[in-house]
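Student:
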Amino acid sequence: MKIRFYGRLADALGRELELEGGGQASVGAIRETLVELHPGAAEALKLSRACVRNAIADDRQMLSAQDDLEFLPPVSGG
Amino acid sequence: MSVVAHLEHVALDPQLELAELTEQARGDGAIVTFIGLARAESRDGDAVDALVLEHHPTLTRQSLEDIAVACAQRFNVSHVRVVHRCGTVPAGEPIVFAGAASLHRRAAFDAADYLMDRLKTEAVFWKREVGEAGSDWIEPTAADLADRDRWG
């Protein structure tokens, strides 16, 4: 599964990473896996919204192997 | 009624945006606009060379449209215009133009205020200041969130 990051998360984890076996897991489970793999980015990961198929996704949402997952840190325009 | 929500990659010309809004607003009695500029100094007092606005390939444009449309529906305005830069904006240059036209001034004032409060906290951008102290991510402050929450 491909996971993309933006903002401060991209600084910490890179723009994109490939997580093996991500399909059939929930958004929340992937988030927890990433926190375990990258404890330095735990706070930013917990504050970020997840996005699947261009829509904000709840942590309970189940992912398929074809889904791309994105994590969006807090946003700010203006 | 018109609603414009535009993501600008290269350069934002506030005078051009105002001219277009004024042209659209024939017959109205008021236009209120806000222009946000890239600050030359950070909150800590360090010199800032530029503001870099990272955006999302689909959600950013959608967020601008959602905010502009909600504004048009909420207030008694004839026209709403939002133009927001992405990419690198040198200090002193415009980041955002938010304008509204209406028959009477109060609706246009409220609409512009509402646009900016939501853009500051909900427009899908990740901003960082780049300057002498390095690079710092800028996220909404408690005051920004409180301003947004005034609108319920």
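Going down the list, the sequences are from chains A and B. Our numbering numbers the first residue of the first sequence as 51 and each following residue consecutively. Our numbering numbers the first residue of the second sequence as 151 and each following residue consecutively. Glycine is no exception: its CB is placed at the ideal position from the N, C-alpha and C atoms. Since the structure is predicted, the reported quantities are computational estimates derived from the model, not experimental observations.
Tell me the DSSP secondary structure of V77 of chain A in three-state form.
Tutor: Of the three classes helix, strand and coil, the one that applies to V77 of chain A here is helix, per DSSP.
Student: Anyone know if the C-beta pair for A60 of chain A and G90 of chain A falls short of 8 Å?
Tutor: Not a contact, by the Cβ cut-off of 8 Å.
Student: Let me see if you follow: with CB-CB separation under 8 Å, is V102 of chain A close to chain B or not?
Tutor: It does not; no Cβ of chain B falls within 8 Å.
Student: In the region 172-208 of chain B, which residue ranges form an unbroken beta strand (DSSP E) of at least 3 residues, counting only runs that do not cross its ends?
Tutor: The region 172-208 of chain B contains these whole beta strand (DSSP E) runs: 180-187, 198-205.
Student: Beta-carbon separation of E82 of chain A and C101 of chain A under 8 Å?
Tutor: In this structure, C101 of chain A does not lie closer than 8 Å to E82 of chain A by Cβ.
Student: Tell me the rounded alpha-carbon separation between R110 of chain A and A296 of chain B.
Tutor: Cα-Cα distance, rounded: 29 Å.
Student: Going along chain A in order, which residues have a C-beta closer than 7 Å to the C-beta of T238 of chain B?
Tutor: Result: empty, since nearest Cβ-Cβ is about 15 Å, beyond 7 Å.
Student: Using three-state DSSP, classify R278 of chain B as helix, strand or coil.
Tutor: Three-state DSSP puts R278 of chain B in a strand.
Student: Alpha carbon to alpha carbon, how far is D117 of chain A from R231 of chain B? Give it in angstroms, no decimals.
Tutor: The alpha-carbon atoms of R231 of chain B and D117 of chain A are separated by roughly 35 Å.
Student: Assign T208 of chain B to buried or exposed, taking buried as 16 or more other Cβ atoms, counted over all protein chains shown, within 10 Å of its Cβ.
Tutor: T208 of chain B should be labelled exposed.
Student: Flag this pair as yes or no: are the beta carbons of G128 of chain A and A273 of chain B separated by less than 8 Å?
Tutor: Cβ atoms of G128 of chain A and A273 of chain B: closer than 8 Å.
Student: So, using beta-carbon positions, are A251 of chain B and Q174 of chain B closer together than 8 Å?
Tutor: Yes, the Cβ-Cβ distance between A251 of chain B and Q174 of chain B is below 8 Å.
Student: Which one or two residues does DSSP pair with G237 of chain B in a beta bridge?
Tutor: Note: G237 of chain B sits in a beta bridge opposite B:L203.
Student: Could you give the residue range of the beta strand (DSSP E) that holds A248 of chain B?
Tutor: Segment 244-252, the beta strand (DSSP E) holding A248 of chain B.
Student: Could you tell me whether the Cβ atoms of D178 of chain B and L253 of chain B are closer together than 8 Å?
Tutor: For D178 of chain B and L253 of chain B, yes; Cβs fall inside 8 Å.
Student: Comparing C-alpha positions only, which one of B:P290, B:L157, B:C236 sits nearest to D216 of chain B?
Tutor: Checking every option, the nearest Cα to that of D216 of chain B belongs to B:L157.
Student: Determine, for R90 of chain A, whether the minimum Cβ-Cβ distance to residues of chain B falls below 8 Å.
Tutor: Here residue 90 of chain A is Gly; the residue named in the question, Arg, does not match the sequence. Cβ-Cβ to chain B under 8 Å: no for G90 of chain A.
Student: From B:F184, B:K270, B:L203, B:E170, pick the residue whose C-alpha is nearest to that of V154 of chain B; which is it?
Tutor: It is B:E170 whose Cα lies nearest to the Cα of V154 of chain B.
Student: Are the C-beta atoms of L269 of chain B and some chain A residue less than 8 Å apart?
Tutor: Yes, L269 of chain B lies at the interface with chain A (some Cβ there is under 8 Å from its Cβ).
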